[in-house]
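One structure is given below, encoded as structure tokens.
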Amino acid sequence: MEVTKVLHMNGGIRNSSYAKNSLLQQKVILMTKSITNKVISTLYNNLSPGETIRIADLGCSSGPNTFLTISQLIQTIHEECKSNSQQQSPEIHVFLNDLPSNDFNSIFRSLPTFYEDLRKQNMGGDGLFVTGVAGSFYTRLFPSKTLHFVHSSYSLHWLSQVPDGIESNKGNIYVASTSPPSVVKAYYEQYERDFVNFLKYRSKELADGGCMILTILGKKNEDRFSKGACYLLEPMARALRELVVEGSIEEEKVYTFNIPAYYPSLREVMYIVDKEGSFTIDILKTCELHKDDFDENMAQCVRAFTEPLLVSHFGDNEILIDQVFHKCREIYVNFMTIEKTTFTNVIVSLIKRN
Ligand SMILES: C[S@@+](CC[C@H](N)C(=O)[O-])C[C@H]1O[C@@H](n2cnc3c(N)ncnc32)[C@H](O)[C@@H]1O
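If you want the numbering used here, it's the 1-based position in the sequence shown plus 7.
Written out as structure tokens, the structure is:
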């Protein structure tokens, strides 16, 4: 599976779209607002007169969350202007990045309404420039020293590829309690390689004093089978195994399906940032979100971010995909009533070392 070609959230605004099934991620963006405000305020106060502030949102996807992130940032800049009695906000250039198969068309179609809403709220719109940037954030995306701020929410747990050497992970689609130690190691090592590349490239692209705030779906502790990730992916693994027993999918097909994602712990994030060395850690913490905090159909939520991967591996068979998620829905209901579902988010605020 070529992840950079295949991976994207379900586009558009149909029932299974990411736009309609991303409440969990929306809650997470709102949770980090105070940290983001603080960082943006500092950046604003350090701008030279007339300087354009350049911000990148990496893994922006499409739908309301894409615009929620930008409007929060713009609002903070406007509030800073007001409190400094400045008549005019600096020009703001926002780069929205995602993989090439992301639904950028939906974003571009929504832009006029977004600008109009900003004007209605007296937050300008004229000095805002939005640019789409298609490409993997595990590669260089921007010229040297051009960005002031990088934001990324719920994207950096995606890997650049399914780790090599995990053929023995049969019947699991991720790191599960029955995965051999070699599989756990391969997943972690792929994560470390990818995150190091991410930090290395961003350190080249950020201007001196530039900052990043990254929110990553993680695990609660060093327990490699920590529940957070299991809540999301284990029901799908069970659904696929049931479909093998029923004869709807070949066993070998399920044995070779693995999700290219890794959910790191706070200590793993800290270790990799320190080891790579381009950034100092300003804030590093975990925040938990409970399923009771948002009303979302988890099977639909998981469908919105995994369907393209399933289609690429099992074929574009709508009946089969419907079957998988029909089973998932039943499994989620049982799974979540037995256990109190909690999602652990690792939030890290980083400042580029000079
Ligand atoms: C769960 S969505 C998060 C979207 C949005 N930031 C939010 O909080 O709702 C993760 C996004 O990261 C993107 N993504 C994953 N790997 C990527 C990569 N290597 N480069 C750029 N985007 C990537 C996916 O395509 C997807 O749109």
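We put the CB at the ideal spot given by N, CA and C, even for glycine.
Worksheet item: When DSSP labels each residue in this structure, what does glutamate 123 get in the three-state scheme?
Response: Helix.
Practice prompt. Decide if the region 109 to 129 is in contact with the region 62 to 82; the criterion is three or more beta carbon pairs, one per stretch, under 8 angstroms apart.
Written response: Contact annotation: the region 109 to 129 touches the region 62 to 82, with at least three C-beta pairs closer than 8 angstroms.
Discussion item. Between the alpha carbons of isoleucine 47 and tyrosine 161, how many angstroms are there, rounded?
Written reply: Straight-line Cα distance between these residues: approximately 20 angstroms.
Item to complete: Out of Lys334, Phe205, Asp133, Glu9, state which residue places its alpha-carbon closest to the alpha-carbon of glutamate 253.
Response: Checking every option, the nearest Cα to that of glutamate 253 belongs to Lys334.
Fill in: Given 8 angstroms, three or more beta-carbon pairs between the region 263 to 280 and the region 149 to 169
A contact exists between the region 263 to 280 and the region 149 to 169.
Worksheet item: For serine 397, which beta-bridge partners are listed by DSSP?
Response: No answer is possible for residue 397: the residues shown for the chain start at 8 and end at 361.
Fill in: For asparagine 2, the first and last residue of its enclosing alpha helix (DSSP H)
The structure shown has nothing for residue 2, since the chain only spans 8 to 361.
Discussion item. Which of the three DSSP states is assigned to lysine 191 in this structure?
Written reply: Checking the displayed sequence, the identity of residue 191 turns out to be valine instead of lysine. Valine 191: helix per DSSP, three-state reduction.
Discussion item. Just verifying my parser: in three-state terms, what is the DSSP assignment at phenylalanine 205?
Written reply: Correct three-state label for phenylalanine 205: helix.
Fill in: Residue nearest to glycine 57 in terms of C-alpha spacing, selected from Leu247, Lys127, Cys88
Cα-wise, what sits closest to glycine 57 is Cys88.
Item to complete: Indicate, with yes or no, if ligand 1 has a heavy atom lying under 7 angstroms from the CB of leucine 213.
Response: No, the beta carbon of leucine 213 sits no closer than 7 angstroms to any heavy atom of ligand 1.
Item to complete: Count the other C-beta atoms from every protein chain shown that fall within 10 angstroms of the C-beta of glutamate 241, then say buried if there are 16 or more, exposed otherwise.
Response: Buried is the call here.
Worksheet entry | Cβ-Cβ distance between asparagine 287 and isoleucine 358 below 8 angstroms | In the sequence as presented, asparagine is not what sits at residue 287; that position holds threonine. Less than 8 angstroms separates the beta-carbon of threonine 287 from that of isoleucine 358.
Item to complete: Indicate whether glycine 18 and aspartate 110 have their beta-carbon atoms separated by less than 8 angstroms.
Response: In contact: glycine 18 and aspartate 110 (Cβ atoms closer than 8 angstroms).
Practice prompt. Would you check if there are 3 or more beta carbon pairs closer than 8 angstroms linking the region 205 to 223 to the region 150 to 161?
Written response: With the cut-off at 8 angstroms, the region 205 to 223 and the region 150 to 161 touch.
Discussion item. Any heavy atom of ligand 1 inside 7 angstroms of the beta-carbon of serine 23?
Written reply: Residue side-chain check: serine 23 keeps its Cβ at 7 angstroms or more from all non-hydrogen atoms of ligand 1.
Practice prompt. Note the first and the last residue of the continuous beta strand (DSSP E) segment covering alanine 26.
Written response: Counting along the chain, alanine 26 sits inside no beta strand (DSSP E), nor does DSSP assign it H or E at all.
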